[in-house]
Amino acid sequence: MKRGIRWAISIMLIGLILWMVAMAIWAFIRQSDTVGIAHEAFDEINALRVEHGLPELLWDEELAGLAVKHSEYMNKTRDFSHSNYNYVENILENSGGYPSGNSVVMPWKHSSGHYFNMLDSDIHSGAIGIVGDYATFLAR
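With the sequence shown counted from 1, adding 28 to any position gets you my numbering.
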């Protein structure tokens, strides 16, 4: 009987360890994907701009850092607020995160202020930062 119990406990521990490894890998992939999804969303903004006869925006690493920083702040505090960076800005909260660039841009397309920001002819560069349930688009 003791041997069977030890065997069952061993199997449960191995299962728990495998589950923890899988969760760590999933978290790493999810974190890594936010950069790809941010670029995918940025590409969608550029496609929208081209569709409206506007030049594409250039990706700006400085703005990307600020956008990530602001999204981190919102994710940490759950304070859904605009930043004080004095740039053209769109922010978004989506519980459950962002599975694609389209899931970031689509709500902005349906908000007149955000739509105007994406199509602002005075901006030339921008970036998107995604952390958790929050996405920030900054442009100048």
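Glycine included, each C-beta is placed from N, C-alpha and C at the ideal position.
The alpha helix (DSSP H) spanning residue i covers which residue range?
i, result
"ASN103", "89-105"
May I ask which residues mark the beginning and end of the beta strand (DSSP E) holding residue i?
i, result
"GLU117", "116-121"
"PHE108", "It is not in any beta strand (DSSP E) - PHE108 carries neither H nor E in the DSSP assignment."
"TYR162", "162-167"
Here's the rule I'm using: 16 or more other beta-carbon atoms within 10 Å means buried, otherwise exposed. How should residue i be labelled?
i, result
"THR12", "The question about residue 12 has no answer here: the residues shown for the chain are numbered 29 through 168."
"VAL78", "exposed"
"PHE70", "buried"
"VAL49", "exposed"
"HIS142", "buried"
By Cβ distance below 6 Å, which residues in the same chain neighbour residue i in space, the five residues on each side in sequence not counted?
i, result
"ASP150", "none"
Opposite residue i in the DSSP bridges: which residues?
i, result
"VAL159", "TYR162"
"LEU86", "SER153"
Which same chain residues, not among the five before or five after residue i, have their C-beta less than 7 Å away from its C-beta?
i, result
"SER139", "none"
Complete runs of the alpha helix (DSSP H) confined to the region 128-156 [at least 4 residues]:
Those alpha helix (DSSP H) runs which fall completely within the region 128-156 and span 4+ residues are 129-137 and 140-146.
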